[in-house]
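Participant: The sequence shown lines up with residues 1100 to 1564 when you count with the working numbering. C-beta atoms are modelled at their ideal positions from N, C-alpha and C, and glycine is treated no differently.
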Amino acid sequence: MNGPNEKFVLSLCTKTWIRDSHGLFDYESNQTKNLNAVLAESIYIARKKHEIKTLNHMNDLREDEELLFNVKHENKDEYVLENKVPIRIQPTEKNINDLSNKIWYVLKNDPIKSNNSTQTIVNTNDDYFLCKNDVIKLGRVKYSLNEINIPSRQNNIDRSPPLSDLSKYDIDDLNKNTEPVFDFIFQAKDSSEYKDIPDDERICKICYSEDNEKEVNPLVHLCNCNGGLRFSHFECIKKWMETKLQQKENDKKTVKSYNIKSFNCEICKTPYPFKFKLNGIEKPFELIDLQKPSPDTDYIILESLNQMKENCNIKSIHVIQLNDEELTIGRGHESDVRINDISVSRNHAKLKYNKEDGTILLRDLKSKFGTLILIKKPLLIKEKKIHLQIGRTYIEGWLMGMAEFEKLRKEKKNKHINKQQQQHQTQPHQHQVQEQDYMNNPMVNNNAMDIEEKNDAQNTHYPSK
Ligand SMILES: [Zn+2]
Ligand SMILES: [Zn+2]
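1. Taking the alpha-carbon positions, what's the residue 1130 to residue 1117 distance?
2. For ligand 2, which residues count as neighbours when the test is a C-beta closer than 6 Å to any heavy atom?
3. Does ligand 1 have a heavy atom nearer than 7 Å to the CB of residue 1112?
4. Going by the DSSP bridge assignment, what does residue 1145 pair with across the sheet?
5. Go ahead and pull the three-state DSSP assignment for residue 1331.
6. Would the C-beta of residue 1320 count as close to ligand 1, meaning under 7 Å from any of its heavy atoms?
7. Give the C-beta separation of residue 1181 and residue 1477 to the nearest angstrom, bearing in mind that I take them to be a contact with Cβ-Cβ under 8 Å.
8. Mapping DSSP to helix, strand and coil, what is residue 1462?
9. For residue 1188, which residues from the same chain have a beta carbon less than 8 Å from its beta carbon, with the 5 sequence-adjacent residues on both sides left out?
10. For residue 1302 versus residue 1330, is the C-beta spacing smaller than 8 Å?
11. State the Cα-Cα distance for the pair residue 1587 and residue 1309, rounded to the nearest angstrom.
12. Which runs of the beta strand (DSSP E) at least 3 residues long sit entirely within the region 1299-1355? Give them in chain order.
13. Of all the beta strand (DSSP E) runs that stay within the bounds of the region 1373-1434, which reach a length of 3 or more residues?
14. Return the chain-ordered list of same chain residues with a C-beta closer than 6 Å to the C-beta of residue 1108, the five sequence neighbours on each side being excluded.
15. DSSP three-state label for residue 1246, please.
16. Please determine if the region 1501-1515 and the region 1118-1129 are in contact, where contact requires at least 3 C-beta pairs separated by less than 8 Å.
17. Just to check my reading of the structure: residue 1458 and residue 1167 have Cβ atoms closer than 8 Å, yes? What is that Cβ distance to the nearest angstrom?
18. At a threshold of 7 Å, does residue 1308 count as lining ligand 1 (C-beta to nearest heavy atom)?
19. Going by beta carbon distance, what residues of the same chain come within less than 7 Å of residue 1262, once the five residues before and after it are set aside?
20. Does residue 1489 come out as helix, strand or coil in the three-state DSSP assignment?
21. Taking just the CA atoms, how far does residue 1146 sit from residue 1387?
22. Determine whether the beta carbon atoms of residue 1150 and residue 1132 lie at a separation below 8 Å.
23. Could you tell me the alpha carbon to alpha carbon distance between residue 1190 and residue 1241, rounded to whole angstroms?
24. To which residues of the same chain is residue 1232 closer than 8 Å at the C-beta, ignoring the five residues directly before and after it?
25. To the nearest angstrom, how far is the alpha carbon of residue 1338 from that of residue 1369?
26. Here's the rule: buried if 16 or more other CB atoms are within 10 angstroms of the residue's CB, otherwise exposed. What is residue 1398?
27. Following the continuous alpha helix (DSSP H) through residue 1193, name the residue where it begins and the one where it ends.
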């Protein structure tokens, strides 16, 4: 029983996939290195290859170690995991990859529909209801929920899921009413803002004209090219992108998908923004013409974050109409929202819309690499276990009352002594040494920490190349 004044420790179980592939964690693999820790103080958690380490100070972090998060313990029962996410930055390829070592919420597996999976992890996270500006990761492909058009949702503020679906973990507080991580509307400059540039460099690199109709067809600088290659007309880029655009619709005609394989400048390879704005002009310019449903229809828009493949930026935008029917997301041809990437499972996730309360549920279908939601706020750990992922490390965290911790420790000690007695009968000389080791265990001395490394037998098998 946990009284009101009881002290708590933070329990963490981590599994690190021994392969390093795009910061993915393979939920079907046994090739993980596991570590269990019990913490009672503020500390930093870092990863070195597939080892998880604790550090007392940020300054202890070495070059070959990656910081995963810091644990803040200021009140007796409060443990907060922190790994700050930058807010409103321009989406370059580099900073989007940086998100891989942030804290992600692991969506719940569907318990009914796909029980043929080989996953060993039982995810007990609460169901997740999408919020505006959520960053969703399916395999290695990341999307931002940039638009929610549900007229019945007042002002389109994020609504809480129905009370019956809320359990002890305050899941709807994870990202509710948070700012977007990336500024998807790029602040651009047109040629009139570059006063120092000679006239012969103020030309469109596609049509060579120097016209600049700022309102309708501005001559803009959207990439990292310099000199005479700096500018292009809005309409010239748009027409060029249209030649590469692949448009698809699902069978139910509720999802329109727009895919462009190299949505970037041909010369410097800088990804183009889907939307940009210019000083003095309110309406943003859009490089892809989306066919949106009428404004009184419920729909959402998912825009992929930049993803470079062989120097090409893969862009996809899905305009998704919401109705009573569930929508599937996956690599399979029959998926409503189709994502053509090898790290996405054929049947990866599904969307379920509840028209009555305007909530959108996203659920994983036991996908190989999981469906994740970027957590933007510091995360308060509670007694109910939460399932998280940071790059190729999967983490379970929960609070444990001191009484329970003491009980576990006693059990473990007894087990240990029993083991020693058994060993003592066969190997009498080892007894003293082992007992000494045990007494030096920091857990026994000061309750601070018990870090135990579990190396399952399978874990020693490394994948062949
Ligand atoms: Zn032009
Ligand atoms: Zn360029």
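Facilitator: Working from what's here:
1. Taking the first residue of the sequence shown as 1, we reach residue 1130 at position 31. Taking the first residue of the sequence shown as 1, we reach residue 1117 at position 18. Cα-Cα distance, rounded: 6 Å.
2. Taken from the N-terminal end onward, the list reads 1322, 1323, 1324, 1364, 1366, 1367 and 1369.
3. Stepping through the sequence shown from its first residue, residue 1112 is reached at position 13. Every heavy atom of ligand 1 is 7 Å or more from the Cβ of residue 1112, so no.
4. Taking the sequence shown and counting its residues from 1, one reaches residue 1145 at position 46. Residue 1145 pairs with 1152 and 1166.
5. The residue given as residue 1331 occupies position 232 in the sequence shown. In the structure shown, residue 1331 sits in a strand (DSSP, three-state: E or B).
6. Walking along the sequence shown from the start, residue 1320 turns up at place 221. No, Cβ of residue 1320 sits at least 7 Å from all heavy atoms of ligand 1.
7. Position 82 of the sequence shown, counting from 1, holds the residue named residue 1181. Position 378 of the sequence shown, counting from 1, holds the residue named residue 1477. Yes, residue 1181 and residue 1477 are in contact; Cβ-Cβ is about 5 Å, under 8 Å.
8. Position 363 of the sequence shown, counted from the start, is the residue given in the question as residue 1462. The answer is strand: DSSP assigns residue 1462 an E or B state.
9. Along the sequence shown, one-based indexing puts residue 1188 at 89. Closer than 8 Å at the Cβ level, and outside the excluded window around residue 1188, lie 1194, 1280, 1281 and 1282.
10. Along the sequence shown, read from residue 1 onward, the residue named residue 1302 stands at position 203. Along the sequence shown, read from residue 1 onward, the residue named residue 1330 stands at position 231. In this structure, residue 1330 lies closer than 8 Å to residue 1302 by Cβ.
11. The first residue shown for the chain is 1100 and the last is 1564, placing residue 1587 beyond what the model contains.
12. 1318-1320 and 1345-1348
13. 1374-1377, 1398-1403, 1414-1420 and 1426-1429
14. One-based indexing of the sequence shown puts residue 1108 at position 9. Here the set comprises 1137, 1139, 1499 and 1504.
15. Within the sequence shown, residue 1246 is the residue found at index 147, counting from 1. In the structure shown, residue 1246 sits in a strand (DSSP, three-state: E or B).
16. no
17. Counting from 1 along the sequence shown, the entry for residue 1458 is found at position 359. Counting from 1 along the sequence shown, the entry for residue 1167 is found at position 68. 31 Å between Cβ atoms; not a contact.
18. For the purposes of this step, residue 1308 is taken as the residue at position 209 of the sequence shown. Because some heavy atom of ligand 1 lies under 7 Å away, the Cβ of residue 1308 counts as near it: yes.
19. Walking along the sequence shown from the start, residue 1262 turns up at place 163. Residue confidence for residue 1262 is low, a pLDDT of 47 falling below 50, so the modelled location carries little weight; the figure read from the coordinates is stated next. Nothing meets the Cβ criterion.
20. In the sequence shown, the residue the question calls residue 1489 occupies position 390. In the structure shown, residue 1489 sits in a strand (DSSP, three-state: E or B).
21. For the purposes of this step, residue 1387 is identified with residue 288 of the sequence shown, where counting begins at 1. For the purposes of this step, residue 1146 is identified with residue 47 of the sequence shown, where counting begins at 1. Roughly 41 Å separates the two Cα atoms.
22. Start at 1 with the first residue of the sequence shown, and residue 1150 comes out as number 51. Start at 1 with the first residue of the sequence shown, and residue 1132 comes out as number 33. Cβ distance < 8 Å, so residue 1150 and residue 1132 count as in contact.
23. Translated into positions along the sequence shown, residue 1190 becomes position 91. Translated into positions along the sequence shown, residue 1241 becomes position 142. Residue 1190 and residue 1241: Cα-Cα distance of roughly 12 Å.
24. Here residue 1232 is taken as the residue at index 133 of the sequence shown, counted from 1. Excluding positions up to five away in sequence, the list reads 1243, 1244, 1245, 1274, 1277, 1278, 1279 and 1280.
25. Within the sequence shown, residue 1338 is the residue found at index 239, counting from 1. Within the sequence shown, residue 1369 is the residue found at index 270, counting from 1. In a straight line, the C-alpha of residue 1338 is about 18 Å away from that of residue 1369.
26. Taking the first residue of the sequence shown as position 1, residue 1398 is located at position 299. Classification of residue 1398: buried, given that the 10 Å Cβ count is 16 or more.
27. Counted from its first residue, the sequence shown places residue 1193 at position 94. 1192-1197 is the span of the alpha helix (DSSP H), which, as asked, contains residue 1193.
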